[in-house]
Amino acid sequence: MAGVGDLRVWDPIGPDELPEVLAGMSGRWWLAGGWALDRHLGRQSREHEDTDVLILRHQQGALQDALGGWDLHAADPPGRLRPWGTGEVLPVEVHDIWCRRTTTAPWSLQVMIDDAPDGTWRYRREPRITLPVDDLDGPASTDAMRVLAPEVQLLQKSKGLRPKDQSDFAAVVPTLEPERRAWLAEALRVASPGHPWLDAL
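Numbering (the UniProt record's numbering), first residue to last: 1 to 201.
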């Protein structure tokens, strides 16, 4: 069995390549991460180390079908990669898939898995925070590619407070529509009372 190689070696797929790469996926997917926020801004605000996509847990089989022949690894447990076997249903605690075209290629795509039973998305760190799946589509979405709503992406980034997350927050918050800003503020109050971002919302 091939090893996972150097986890630092990435040659990420560009966002504009994703519709072609995932053309065979029957389920929904969204451009996520920093690139999603840049699409919302309409410009590239910083360098990006990887490319992130979000899918829903019940559509993981569709992802495997779309990336047939790729080398796919599950972060199981988080922080350690293992091969994701064809047809395997991932445990509920697995939320990240690393993807590369071959076993010796650099990593090129990270896929995040969220739960959305009955058409309702749930924030995995605080399941009281919910949103209709249709509302995950941000204003930068197009017919070719859904882009994750900026307020949802900022919520996903709110735990770590890495420098790049702080930079993303500072760039994006002034552009949020009032209802998106209000949703993020309420979500942070529920998930992280006293969060430092609340002062800016």
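The C-beta atom is built at its ideal place from N, Cα and C for all residues, glycine as well.
Residue i - containing beta strand (DSSP E), residue span
i	result
residue 53	52-56
residue 89	Per DSSP, residue 89 belongs to no beta strand (DSSP E) and is neither H nor E.
Residue i versus the options, residue with shortest Cα-Cα distance
i	options	result
residue 178	201, 141, 171	201
residue 138	101, 29, 81, 186	29
residue 22	8, 86, 53	53
residue 110	33, 198, 196	33
residue 69	183, 158, 86	86
residue 134	148, 123, 126	148
Residues of its chain near residue i, where Cβ-Cβ distance is below 8 Å and the 5 sequence neighbours each way are ignored
i	result
residue 167	45, 46
residue 128	190
residue 144	19
residue 192	158, 159
Proximity below 9 Å, CB of residue i to CB of residue j
i	j	result
residue 113	residue 41	no
residue 15	residue 108	no
residue 74	residue 96	yes
residue 163	residue 37	no
Unbroken alpha helix (DSSP H) run spanning residue i, endpoints
i	result
residue 40	33-41
residue 75	Counting along the chain, residue 75 falls outside any alpha helix (DSSP H), though it belongs to the beta strand (DSSP E) covering 71-75.
residue 96	Residue 96 -> not in any alpha helix (DSSP H); beta strand (DSSP E) instead, spanning 96-100.
Simplified DSSP state of residue i, which is helix, strand or coil
i	result
residue 191	helix
residue 44	coil
residue 135	helix
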